[in-house]
DNA sequence: ATTTAATTAGACGATCGGTCTATTATTCGC
DNA sequence: GCGAATAATAGACCGATCGTCTAATTAAAT
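Chains as they are written, first to last, in the UniProt record's numbering: chain A, 1 to 211; chain B, 1 to 211.
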């Protein structure tokens with residue numbers, strides 16, 4: 001929490017070019033995603049986002065029409081970020097398919113470790129909160145999971161064709177299974193402040209593939 | 001949401017015996033657990049518990065010293081309720097061990113269906129919220145999972161000894177794997193308002209056991 | 001009868017959530 | 001160039017919520 005940003009932000013319309021940091025909005029989104037990985041959406045007040053970035057309320061409602069709209073953008077932003085991260089591993093043609101998945105797991109694990117297991121998955125966090133969230137989020141979140149599922153399924157399909165997993169496997173179902181369990185593992189890792197739930201689930205998943 | 005309870009609660013010290021409903025405190029806990037299965041802890045205000053039961057604030061702070069203390073009691077209450085439910089299935093000696101687990105799954109599934117997939121698991125919900133929760137909850141929640149794990153592991157151990165699953169299985173690890181994934185499945189079921197995540201995970205788990 | 005215990009009633013102040021209006025600085029249109 | 005539109009910050013504002021505290025009410029204890 002970088003508290004006081006003593007930089008007294010200039011008011012008024014900013015100069016067109018060379019404005020140095022055209023970043024207020026982006027900074028809000030970044031801080032928003034960060035906070036959402038740690039805390040719930042309902043539990044986090046707008047002031048908290050603002051204090052984090054050192055921006056007054058007026059700016060917030062200049063950029064976003066409401067907290068709900070802000071949330072939508074956070075979901076999109078995180079989903080994109082994560083999809084890119086996923087592809088970085090799953091589309092790596094220099095690596096056999098199953099190893100790609102293992103690499104992703106290792107990367108995610110390292111990420112959680114880096115943040116002391118205090119940050120989880122934005123999509124999972126929001127999903128858990130659905131009872132207190134705008135209902136419009138539901139479909140949005142579900143779509144994100146479907147997207148990740150598709151990406152993973154493609155990789156698993158490669159593995160199947162390659163003969164690394166049973167030829168009668170259903171890649172789609174396997175991918176779905178993975179994400180269901182993985183979200184559980186992330187949640188548990190956050191609770192125990194430890195990577196073992198991630199390891200344990202991943203290991204179980206790969207073992208299951210072997211049958 | 002049973003809004004107005006038109007029963008104008010009698011004030012003053014209640015009669016000693018035959019008081020009919022010595023239930024205010026219990027009702028608060030019950031409502032609390034209900035709300036916690038649907039919404040987050042931080043997202044739910046005390047007034048919401050109170051309105052649900054039709055009790056004024058004075059009563060709440062008569063029975064509980066703070067919201068945090070209330071929460072602790074909710075965790076205990078739910079953990080107990082769930083452990084009893086678990087035992088009802090897992091200790092059923094008239095049924096083979098693996099079938100007991102399947103029965104539990106079916107029961108939990110039916111429970112979620114009954115509430116339109118809008119209620120999840122209190123412990124899981126709170127776990128996800130850890131970032132915004134009193135840190136004292138962490139250990140408490142982790143202990144609950146360990147307890148459930150132990151109960152399930154005993155059942156799996158029976159299955160192992162009986163030869164229903166591979167003799168070199170580690171019951172403890174399997175049980176841990178189950179709860180990790182199960183929480184993920186519950187979360188996902190709540191998001192999709194559908195039982196398929198539960199079914200899919202359970203099926204995958206049992207298939208994995210077969211190896 | 002008087003005191004004490006148990007409970008409900010609800011006012012209160014502080015804080016905070018989300019919205020909205022005002023102000024300031026810049027660019028754009030003509 | 002000058003006025004209008006634009007982009008951004010500043011912060012007042014209202015209602016809700018949290019936790020506390022005092023008063024009121026009823027029964028039990030002595």
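Think of the CB as a built atom: it goes at the ideal place given N, C-alpha and C, for glycine as much as any other residue. For clarity, every value in this text was computed on a predicted model and none was experimentally measured.
Sequence-distant residues of its chain with Cβ nearer than 8 Å to residue i (five each side left out)
i, result
"residue 57/A", "46, 47 and 50"
"residue 86/A", "104, 148, 151 and 152"
"residue 42/A", "129, 132 and 133"
"residue 118/A", "38, 190 and 193"
"residue 102/A", "202 and 206"
"residue 113/B", "195"
"residue 60/B", "28, 46, 49, 50 and 70"
"residue 96/A", "159, 162 and 164"
"residue 138/A", "130"
Residue range of the unbroken alpha helix (DSSP H) whose run includes residue i
i, result
"residue 121/B", "Here residue 121/B belongs to no alpha helix (DSSP H), and DSSP marks it neither H nor E."
"residue 115/A", "Where residue 115/A is concerned, there is no enclosing alpha helix (DSSP H), given that its DSSP letter is neither H nor E."
"residue 32/B", "24–38"
"residue 162/B", "136–162"
"residue 197/A", "196–209"
"residue 52/B", "46–53"
"residue 88/B", "67–90"
"residue 185/A", "171–192"
"residue 60/B", "57–63"
Same chain only: Cβ atoms within 7 Å of residue i, ignoring 5 sequence neighbours per side
i, result
"residue 53/A", "27, 28 and 31"
"residue 25/B", "63"
"residue 167/A", "160"
"residue 120/B", "37, 186, 187 and 190"
"residue 127/A", "141"
"residue 67/A", "46"
"residue 77/B", "29 and 33"
"residue 70/B", "32 and 64"
"residue 21/A", "Residue placement at residue 21/A cannot be trusted, given a pLDDT of 47 that sits under 50; what the coordinates show is reported in the next sentence. Taken in chain order, the list of residues that qualify is empty."
Whole-number beta carbon distance between residue j and residue i, since they are thought to touch under 8 Å
i, j, result
"residue 201/B", "residue 82/A", "Contact flag wrong, Cβ pair sits at about 21 Å."
"residue 124/A", "residue 187/B", "7 Å"
"residue 207/B", "residue 208/A", "7 Å"
"residue 198/A", "residue 185/A", "5 Å"
"residue 98/B", "residue 74/B", "Contact doesn't hold; Cβ gap of about 32 Å is too wide."
"residue 179/A", "residue 145/A", "6 Å"
"residue 158/B", "residue 175/B", "Not quite, the Cβ-Cβ distance comes to about 12 Å (not below 8 Å), so this is no contact."
"residue 107/B", "residue 100/B", "That pair is no contact at about 11 Å."
"residue 40/B", "residue 111/A", "Incorrect: roughly 24 Å between the Cβ atoms, too far for contact."
Residues near residue i in its chain [Cβ-Cβ closer than 6 Å; skip 5 each side]
i, result
"residue 181/A", "201"
"residue 172/A", "153"
"residue 164/B", "98"
"residue 44/B", "35"
"residue 169/B", "160"
"residue 109/B", "195 and 198"
"residue 79/B", "144"
Relative to chain B, which residues along the UniProt domain "HTH tetR-type" (22–82) of chain A have a C-beta separation below 9 Å, given in chain order?
35, 37, 38, 39, 40, 41, 42, 43 and 44
What residues in the stretch 126–160 of chain B have a beta carbon less than 8 Å from any beta carbon of chain A?
127, 128, 129, 130, 131, 132, 138, 141, 142 and 145
May I ask you to list, following chain order, the residues of the stretch 163–177 of chain B that have a beta carbon less than 9 Å from some beta carbon of chain A?
173, 174, 176 and 177
What residues from the stretch 88–103 of chain B come within 9 Å of chain A, judged by C-beta to C-beta, listed N to C?
none
Chain-ordered residues of the stretch 187–204 of chain A with a beta carbon less than 7 Å from chain B
187, 188, 190, 191, 192, 197, 200, 201 and 204
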